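The block underneath contains the structure these notes are about, expressed in structure tokens.
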Amino acid sequence: MHIRAAVKDPVLLALVALGLLLAPWFLIGPGGTTTSWVVQATLDVSNVWFAWRLARHPEMPAPGRRFWQVVLLACASCAVGDTYQCLLVLTDPGTTRISLVQTAFVVIGMGTVVVATLRHPLGGVGRQRLRLWFDAATVLTGVAVFLWYCLLARELGGRQDADRWAASATAVVMLLIAFGVLKLILSGTAPFTRFAGTAAALGVAGTALAAPITNGLVGEPHPGLMIVVQLAPCVLTAAAIRLQQLQVGLLARRTTGELARRSSRMPYLAVVATQILLLWSLRGGEMDSRVWGVAVGVVLITALVLGRQQVAFRDNERLVGELQTLHDELRRQASHDALTGLPNRVLLHRRMQDTPAASVSLLVIDLDGFKQVNDEHGHHSGDLVLQAVAERLTGLLGAGEVAARLGGDEFAVLLPGVGRDEAEKLAARLADVIAEPMMVGGHWMAVGASVGVATGAPGEGDGLMREADALMYRRKKAGKADGTALADDPIGMATSDHQRR
1359 MHIRAAVKDP VLLALVALGL LLAPWFLIGP GGTTTSWVVQ ATLDVSNVWF AWRLARHPEM
1419 PAPGRRFWQV VLLACASCAV GDTYQCLLVL TDPGTTRISL VQTAFVVIGM GTVVVATLRH
1479 PLGGVGRQRL RLWFDAATVL TGVAVFLWYC LLARELGGRQ DADRWAASAT AVVMLLIAFG
1539 VLKLILSGTA PFTRFAGTAA ALGVAGTALA APITNGLVGE PHPGLMIVVQ LAPCVLTAAA
1599 IRLQQLQVGL LARRTTGELA RRSSRMPYLA VVATQILLLW SLRGGEMDSR VWGVAVGVVL
1659 ITALVLGRQQ VAFRDNERLV GELQTLHDEL RRQASHDALT GLPNRVLLHR RMQDTPAASV
1719 SLLVIDLDGF KQVNDEHGHH SGDLVLQAVA ERLTGLLGAG EVAARLGGDE FAVLLPGVGR
1779 DEAEKLAARL ADVIAEPMMV GGHWMAVGAS VGVATGAPGE GDGLMREADA LMYRRKKAGK
1839 ADGTALADDP IGMATSDHQR R
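Take 1359 as the starting number for the sequence shown in our numbering and just add one per residue.
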């Protein structure tokens, strides 16, 4: 479903409206902790419903259905934990401490999402997949750098061991989720559209990072503001899953070619963002743990980019080599006969024009008895005969002399700098060699050859071809007229006029 149609969905519109009403409801309205947990549990149950529909959708590919089945379990786990906390708050509105049960189920749910993203199959093979890992690692490093600077360095300093472990675990889980989602988005095989996947990733990341970042920026924020920044990512996640439910058809219509043409700018944005962050962190002139973390991240992300570029350069070199080979092959196919490998008529004329000799002789050869070979033994045997004739022609030629196949059973030989008499002698020799019996497919076969000769200037290519062709047909006709061209030879041999002289 197109975006324009998706925004008309009443459920999606309701989620958007809920997101817009969070700030006024909890900042200046009657909203409180109890209401926030009711909203949270309701969103979790909605996610379970959306994921269930996606896992059963008939247009969802099989790998996608397996992915959404795992996500369904994750959403169900989060729903159990948040619903349990909601019941605690409804029973005792003064409850402020987060239950260990809620935390355990949410962590299990997030861990399940990690498994789903990391186990989903990637697209591409070999070096294409290596480039994908480089891109994903580059973006992940950028996320880690920002996470360290904005949250983790502060969270790990001056706190109790339990809080440090909790902050570290949250950061690791969020990085794994970010890595898994980015990997799928970059691969083009994600079981979600790029827009919906990015929105869901931001929502999931916001559920863990929004509150600590707000605390770091504001200091002592209003309780209502903390509720808003905690619920807003949850609303975004639910809206993203609902949007994907409406856009399943887009996944089914994606093709391999379309996926291969997609190039993400995310790795380059990550590089630029970390460079800017490094400059920002150095503005005070102090090298504390936050700045050192950013510096290390910049070095690492630069190394990843260099590695990615090396892979790209090697792939480009290989591609250029393959293109050159393909180009050479196409040129050869355009100028050579596919069956015999001899030059074709086009290349023969080109060689005739390029020769430095003052005069050339041209032989035009037509096989006698070749139709009989095809009729009695089949076209495959005829092809083998043509190949054998081509080998015999090239075996008799010297440097600079060119044998070509004009088509069918007709050949030509270009003799630069060779006079008429010498050309006639070579024509007789070629006819004798062609007429020698050959073993083809377990049978002895033989064909004859009628040869026409023409001598002239290299620039008279068309005229020489017509002259030699006309003489060849006169000799062929003369050979048939005296009754010996297709004599009752036990091996099917047809002699040429040169043999009979």
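Glycine residues also receive a C-beta, built at the ideal position from the N, C-alpha and C atoms.
Predicted model only: the values in this text are computed from it and were never measured.
Contact set for residue i: own chain, Cβ-Cβ below 7 angstroms, skip 5 residues either direction
i       : result
Leu1373 : Val1593, Ala1596, Ala1597, Arg1600
Val1587 : Ala1568, Ala1569, Thr1572
Thr1713 : Pro1774, Pro1816
Tyr1507 : Leu1635, Ser1639, Arg1648, Gly1651, Val1652
Thr1614 : Only weak support is given to the placement of Thr1614: the predicted model assigns it a pLDDT of 42, under 50, and the value that follows is read from those uncertain coordinates. None.
Phe1492 : Leu1662, Gly1665, Arg1666, Val1669
Leu1589 : Leu1380, Ser1394, Val1397, Gln1398
Ala1495 : Leu1662
Residue span of the beta strand (DSSP E) that contains residue i, given as start and end
i       : result
Trp1802 : 1801-1803
Ile1723 : 1718-1726
Thr1813 : 1806-1814
Met1797 : 1796-1798
Residue span of the alpha helix (DSSP H) that contains residue i, given as start and end
i       : result
Thr1441 : 1420-1449
Gly1642 : Per DSSP, Gly1642 belongs to no alpha helix (DSSP H) and is neither H nor E.
His1707 : 1703-1712
Leu1412 : 1391-1413
Pro1368 : 1368-1385
Test: residue i CB closer than 9 angstroms to a CB of chain D
i       : result
Glu1680 : The chain labelled as chain D is not found in the depicted structure, where only one protein chain is given.
Reference residue i; option with closest CA among the options
i       : options                            : result
Gln1869 : Arg1763, Pro1714, Asp1767          : In the structure displayed, the chain extends from 1359 to 1859; residue 1869 sits before or after that span and is not available.
Thr1475 : Ala1761, Gln1602, Gly1555          : Gly1555
Thr1391 : Ala1786, Gly1582, Pro1701          : Gly1582
Ala1413 : Phe1728, Gln1602, Asp1646, Arg1641 : Gln1602
Val1397 : Arg1411, Ile1386, Cys1444          : Cys1444
Val1811 : Glu1734, Arg1455, Asp1724, His1737 : Asp1724
Met1797 : His1735, Leu1379, Ala1670, Leu1378 : His1735
Glu1782 : Pro1701, Gln1691, Val1718, Gly1387 : Val1718
Arg1672 : Gly1387, Ile1456, Leu1488, Val1630 : Leu1488
Ala1836 : Ser1808, Leu1822, Pro1421, Arg1709 : Ser1808
Leu1700 : Asp1686, Val1747, Ala1715, Ala1557 : Val1747
Glu1818 : Gly1727, Leu1370, Ala1715, Met1830 : Ala1715
Val1562 : Ala1828, Val1464, Gln1682          : Val1464
Nonlocal neighbours in the same chain, by C-beta distance under 6 angstroms from residue i, ignoring five residues either side
i       : result
Arg1703 : Leu1764
Ile1585 : Phe1384, Ser1394
Val1771 : Leu1721, Ala1761
Gly1389 : Trp1383
Ile1543 : Arg1552, Gly1555
Pro1549 : Gly1422, Phe1425
Leu1376 : Val1593
Residues near residue i in its chain [Cβ-Cβ closer than 8 angstroms; skip 5 each side]
i       : result
Ala1462 : Gly1439
Thr1565 : Gln1588, Pro1591, Cys1592, Thr1595
Ala1628 : Thr1496, Val1497, Thr1499, Gly1500, Val1501, Ile1659
Leu1370 : Ala1364, Ala1597, Arg1600, Leu1601, Leu1604
3 or more residues per run - each beta strand (DSSP E) lying fully within the region 1739-1782 | 1760-1765, 1768-1774
Does the region 1417-1432 come close enough to the region 1457-1471 to have 3 or more Cβ pairs within less than 8 angstroms?
-> yes
Pair every Cβ in the region 1436-1449 with every Cβ in the region 1392-1410, then say whether three or more of these pairs are closer than 8 angstroms.
-> yes
Is the region 1651-1664 touching the region 1490-1502 in the sense that three or more CB pairs, one from each, lie closer than 8 angstroms?
-> yes
Kindly confirm or deny that the region 1695-1714 and the region 1795-1809 touch, where touching means at least three C-beta pairs closer than 8 angstroms.
-> no
Just checking, does the region 1780-1800 make contact with the region 1743-1755 on the three C-beta pairs under 8 angstroms criterion?
-> yes
Residue ranges of each alpha helix (DSSP H) within the region 1547-1583, 4 or longer = 1552-1576
Assess, as a yes-or-no matter, whether the region 1420-1427 is touched by the region 1446-1459 under the definition of 3 or more beta carbon pairs within less than 8 angstroms.
-> no
Below 8 angstroms, can you find three or more Cβ-Cβ pairs linking the region 1643-1652 to the region 1663-1678?
-> no
Give, in chain order, every unbroken run of the alpha helix (DSSP H) that is at least 4 residues long and sits entirely within the region 1624-1680.
-> 1624-1639
Kindly confirm or deny that the region 1731-1745 and the region 1668-1678 touch, where touching means at least three C-beta pairs closer than 8 angstroms.
-> no
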